[in-house]
Amino acid sequence: WVAQVDALTLALSWREVSLPEQAYSLWFGDNREADAEWLRLGYSSPVTPKQVLDYHPASGQLLVRKQQEVPGFDPALYAVRRLLAPSRDGQTLVPISLVSKLGLDPSPRPLLLYGYGSYGVCVDPSFDSKLVSLLDRGVVYAIAHVRGGGDGPPGRGVWYEQQGKYLHKTNTFTDFADCARYLVEEGLTASDRMACVGRSAGGLLVGAVVNMFPGLFKAAVADVPFVDVMNTMSDPSIPLTVTEWEEWGNPNEAQYFHYMLSYSPYDNVKPQDYPALLVTAGLNDPRVAYWEPAKWVARLREMKTNPTSPVLLKTDMSTGHFSASDRYKYIRETAFEYSFILDQILQK
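With this note's numbering applied, the sequence shown corresponds to residues 20 to 367, in that order.
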């Protein structure tokens with residue numbers, strides 16, 4: 020929406036910006052002239068590479084000035100949708116951004132579900148050329164915009180501050196599971212053809228979900244996952260611990276201690292079947308120390324009851340929290356993870 024102000028009465032009038040897709044990212048570009056008639060915007064979606072737009076508020080005209088070139092990519096071959104999954108509280112609808120290749124048969128498809136859901140961070144649905152290799156193999160890609168992030172319909176205050184942190188953190192995990200179940204119920208995928216992925220706090224999400232809902236996914240990827248919540252949050256000598264109390268709570272207070280203990284992935288591994296897991300770590304990671312994923316993997320291997328399902332640990336001896344800074348190495352790492360996922364969810 021764009022607001023126009025009458026110069027004489029200062030009255031506001033609102034105009035909705037009409038955009039062509041259901042799920043997208045839209046942001047302000049450089050607008051250096053206060054009295055300009057055109058507004059510079061940026062736009063992207065999972066099937067539309069980055070665009071530079073000019074918008075004329077008075078007429079509603081929208082012009083594409085420039086678009087990122089992606090050799091060999093035809094956006095007409097793909098479709099993006101926005102779905103709303105009902106959560107178990109009976110009141111909340113959790114948005115899902117979903118992208119797939121057109122022309123797929125209507126039977127349940129292999130699907131990769133991504134989630135983060137912490138710090139009020141918005142996971143904007145935008146173009147990622149690396150995903151095309153999955154889409155062209157018939158995989159559906161989905162983003163669950165769970166509570167704990169900042170991209171829910173009520174706004175950041177409700178979605179994050181009131182319902183997604185501290186003593187409401189488990190909403191993040193149950194929202195993710197409810198999104199997965201909704202996708203199964205709608206016939207878009209099946210549990211034996213679905214994988215999930217999350218990074219850092221999103222790795223905590225993955226770790227909590229595979230403990231709480233072990234049969235929901237065929238495979239899971241947890242990158243540099245924050246899984247040893249209790250030990251890390253109870254050690255104030257770790258540089259980031261005290262500031263992280265603003266997200267998870269202070270374990271020196273009994274209510275937060277017991278609540279965090281109820282979902283901490285490492286502390287809640289139990290004798291049950293687990294999906295195939297790929298867990299990554301960085302030796303020089305200052306945010307999630309490499310021993311967190313290492314000890315989590317050790318406990319999973321010891322306690323899981325399905326010995327043929329792999330639990331793999333990949334520790335990079337030269338990187339930190341944000342993986343490789345080398346573009347080509349980063350692409351190779353992504354290819355490694357995609358290979359693991361495809362091996363698990365594609366029919367053989």
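All C-beta atoms, glycine included, are put in the ideal place defined by N, C-alpha and C. Since this is a predicted model, take the numbers as computed values, not measurements.
First and last residue of the uninterrupted beta strand (DSSP E) at residue i
i	result
Gln-80	80-86
Met-336	Careful: Met-336 lies outside any beta strand (DSSP E) and carries neither H nor E.
Arg-34	31-34
Pro-114	112-120
Tyr-378	Residue 378 is absent from the model: the chain starts at 20 and stops at 367.
Ile-257	No beta strand (DSSP E) holds Ile-257; DSSP gives it neither H nor E.
Phe-92	Taken as a continuous stretch (DSSP letters only), Phe-92 belongs to no beta strand (DSSP E), as it is neither H nor E.
Thr-299	295-301
Boundaries (first-last residue) of the alpha helix (DSSP H) holding residue i
i	result
Ser-152	151-154
His-277	273-282
Pro-312	310-322
Cys-198	189-204
Gly-222	220-231
Gln-363	346-364
Among the options, nearest to residue i - alpha-carbon criterion
i	options	result
Gly-339	Phe-146, Pro-173, Lys-289, Pro-244	Pro-244
Gly-122	Cys-215, Glu-40, Val-159, Pro-290	Val-159
Asn-325	Lys-237, Leu-27, Ile-257	Lys-237
Met-231	Val-203, Phe-195, Glu-180	Phe-195
Ala-161	Gln-182, Leu-332, Tyr-133, Thr-191	Tyr-133
Asn-50	Glu-40, Val-36, Leu-72	Leu-72
His-75	Gln-366, Gly-174, Ala-22	Ala-22
Asp-292	Lys-85, Pro-233, Gln-366	Pro-233
Gly-206	Asp-143, Met-252, Asp-124	Asp-124
Leu-82	Lys-348, Pro-39, Glu-88	Pro-39
Asp-54	Leu-45, Arg-34, Val-24	Val-24
Val-165	Trp-267, Gly-157, Asn-190	Asn-190
Val-89	Val-151, Arg-101, Leu-29	Val-151
Leu-186	Gly-109, Trp-264, Gly-217, Ala-163	Trp-264
Tyr-201	Pro-173, Leu-102, Gln-274, Thr-260	Leu-102
Ala-98	Arg-84, Leu-153, Val-142, Gln-41	Gln-41
Pro-290	Ser-344, Ala-163, Met-322	Met-322
Ala-77	Ala-343, Arg-84, Trp-20, Thr-28	Trp-20
Arg-100	Ser-116, Gln-87, Gly-109	Ser-116
Inter-residue spacing [alpha-carbon to alpha-carbon] between residue i and residue j
i	j	result
Ala-241	Lys-69	28 angstroms
Val-229	Ala-104	20 angstroms
Ala-26	Ser-32	12 angstroms
Leu-58	Asn-303	43 angstroms
Glu-272	Asp-254	14 angstroms
Tyr-43	Gly-61	11 angstroms
Asp-155	Phe-146	15 angstroms
Gly-221	Glu-180	18 angstroms
Gln-363	Leu-331	13 angstroms
Asn-287	Met-279	11 angstroms
Thr-353	Ile-257	30 angstroms
Tyr-138	Thr-111	19 angstroms
Ala-95	Thr-251	47 angstroms
Glu-56	Thr-193	46 angstroms
Ser-337	Val-36	46 angstroms
Glu-266	Gly-217	18 angstroms
Val-225	Arg-346	26 angstroms
Ala-84	Asp-211	For the sequence presented, residue 84 should be read as Arg rather than Ala. Approximately 44 angstroms, taken between the alpha carbons.
Trp-46	Ala-30	25 angstroms
Gln-274	Gln-366	46 angstroms
Ser-342	Cys-215	19 angstroms
Leu-153	Ser-358	10 angstroms
Asp-335	Gly-301	5 angstroms
Trp-310	Gly-109	39 angstroms
Pro-294	Met-213	10 angstroms
Pair within 8 angstroms by beta-carbon distance, residue i and residue j
i	j	result
Val-66	Val-140	no
Ile-350	Leu-131	no
Lys-149	Gly-167	no
Gly-136	Gly-176	no
Pro-312	Val-246	yes
Leu-223	Val-248	yes
Ala-209	Pro-127	yes
Gly-79	Arg-34	yes
Gly-91	Lys-120	no
Thr-299	Lys-333	yes
Whole-Å CB distance - residue i paired with residue j, under 8 angstroms assumed
i	j	result
Ala-239	Leu-319	In fact, because the Cβ distance is near 11 angstroms, the residues do not count as touching under 8 angstroms.
Val-307	Ser-219	6 angstroms
Ala-199	Tyr-282	17 angstroms between Cβ atoms; not a contact.
Gly-171	Pro-114	7 angstroms
Ser-64	Pro-144	6 angstroms
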